[in-house]
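Engineer: Position 94 of the sequence shown, counting from 1, maps to 181 under the numbering used here, and the rest follow consecutively.
Don't be surprised by glycine CBs; every beta carbon is placed ideally from N, CA and C.
Keep in mind the model is a prediction, meaning the values are calculated, not measured.
Next up is a structure, given as structure tokens.
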Amino acid sequence: MEIISGKELAASLKQKMMAEVATFPQRYGRVPQLTVILIGNDPGSVSYVAGKAKASEEVGIDNKTIRLSDKTTEDELLALIYQLNNDDSVDGILVQLPLPKAINSDKIIAAISREKDVDGFHPLNVAALWQKQPCILPCTPKGIIKMLKSKNIEIAGKNAVVVGRSNIVGLPVSKLLLNENATVTVCHSRTPNLKEVCLRADILVVAIGRPRQITGDMVKEGAVVIDVGVNRDPETGKLCGDCDFASCAEKAAFITPVPGGVGPMTICCLMENTIECFLNKMCDLSC
Ligand code: NDP
């Protein structure tokens, strides 16, 4: 069994990005700018936003975090987004999810300029993904494909099972796997015989948000297991995935750890997307 370390892969990709970004001031007069909006004090969100700021600093991307109170109204947030959309010095806008219940996330995501949508969640970017058109890809699914490719894992012709069908992970990763010519099955909370379906997977991607839900007896011998989940272990309070690492690792040929697996690659791909938005803009200006 081999561990796919997202931490190591992300570190090497960030080195390359750092070298590339260092050339930007001379070529384009400035570095990319990422603005992150954080509403409220949810500890998970605060820590994710801090991770994004740290990665930006490492790569040389200018990062600004705007912190707003959880009393912020939808109109106030929309006004800020329109202002950032029109600010030429801003290349990427990210609104940290989840948002307070009083704010409609779909409306906020759709308000972000498609060209600055570094998360790849804008409806036009989603549509482009499903039509195989050029677009900003959502970070977590993009990172998962990079992890598979980094180990030269064959995707074409393989049975891929994705557990979870969210807009941010399950659905887009299933489409990316399909684009790579896997035969894809998407499971969810209403899937009967989940174990039976998982046992058919050559590549098993799990994104359900339930600690240790997938156990070794649900994994085919020699499968690749990608664990997207980030949970608190109810017993130890430590971070853990959606897969029971010890028992799944006994069956898997490759497995991602939690922490240190998909998470660092998500942030790495956010950096890539910010650079992509910046370069798209520079190209538009010079073309
Ligand atoms: P959501 O809650 O949006 O979606 C969960 C999905 O899992 C739903 O489709 C749900 O089915 C399905 N599901 C829930 N329970 C079961 C079950 N027992 N059996 C089968 N399917 C089930 O979660 P997200 O996709 O946003 O996130 C999933 C996990 O990944 C979380 O732990 C989150 O923290 C983590 N995450 C990690 C990231 C990273 O970078 N490492 C990035 C994003 C998320 P249904 O649709 O029927 O309700």
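Assuming residue 126 and residue 157 are in contact, meaning their beta carbons sit under 8 Å apart, how far apart are those beta carbons, in whole angstroms?
Structural biologist: Yes, they are in contact, since the Cβ atoms of residue 126 and residue 157 sit about 6 Å apart, within 8 Å.
Engineer: Hey, would you say residue 284 sits closer than 9 Å to residue 274, going by beta carbons?
Structural biologist: Yes, the Cβ-Cβ distance between residue 284 and residue 274 is below 9 Å.
Engineer: Within its chain, find whatever has a CB closer than 6 Å to the CB of residue 362; leave out the 5 residues flanking it on each side and keep chain order.
Structural biologist: The residues are 119.
Engineer: Would you kindly work out how many angstroms separate the C-alpha atoms of residue 327 and residue 374, rounded to a whole number?
Structural biologist: Straight-line Cα distance between these residues: approximately 47 Å.
Engineer: Mapping the DSSP letters down to three states, classify residue 287 as helix, strand or coil.
Structural biologist: Of the three classes helix, strand and coil, the one that applies to residue 287 here is coil, per DSSP.
Engineer: Suppose the cutoff is 8 Å on Cβ atoms and the five residues either side in sequence are ignored; what does the same chain contact list for residue 109 look like?
Structural biologist: Excluding positions up to five away in sequence, the list reads 147.
Engineer: Answer with buried or exposed for residue 143, where buried requires no fewer than 16 other C-beta atoms within 10 angstroms of its C-beta.
Structural biologist: The residue is buried, with at least 16 neighbouring Cβ atoms inside 10 Å.
Engineer: Run the Cβ filter for me: residues under 7 Å from any heavy atom of ligand 1, listed in the order they occur in the chain.
Structural biologist: Working through the chain, the matches are 227, 250, 251, 252, 253, 255, 256, 257, 274, 275, 276, 277, 278, 281, 294, 295, 296, 297, 300, 315, 316, 317, 318, 329, 349, 350 and 353.
Engineer: Distance check for residue 171 and residue 367, CA to CA, integer angstroms please.
Structural biologist: One C-alpha to the other measures close to 17 Å.
Engineer: Name the two residues that bound the continuous beta strand (DSSP E) containing residue 274.
Structural biologist: Residue 274 -> beta strand (DSSP E) spans 270-274.
Engineer: Taking the beta carbon of residue 81 as the centre, do at least 16 other beta carbons fall within 10 Å, making it buried, or is it exposed?
Structural biologist: Outside the displayed range of the chain (88 to 374) lies residue 81, so it cannot be described from this structure.
Engineer: Output the distance between the C-alpha atoms of residue 245 and residue 232, rounded to the nearest integer angstrom.
Structural biologist: Near 14 Å, if we compare the C-alpha coordinates of residue 232 and residue 245.
Engineer: My understanding is that residue 303 touches residue 320, with C-beta atoms under 8 Å, so please give their C-beta distance in whole angstroms.
Structural biologist: Incorrect: roughly 17 Å between the Cβ atoms, too far for contact.
Engineer: Along the chain, where does the beta strand (DSSP E) that runs through residue 154 open and close?
Structural biologist: Where residue 154 is concerned, the enclosing beta strand (DSSP E) stretches over 149-155.
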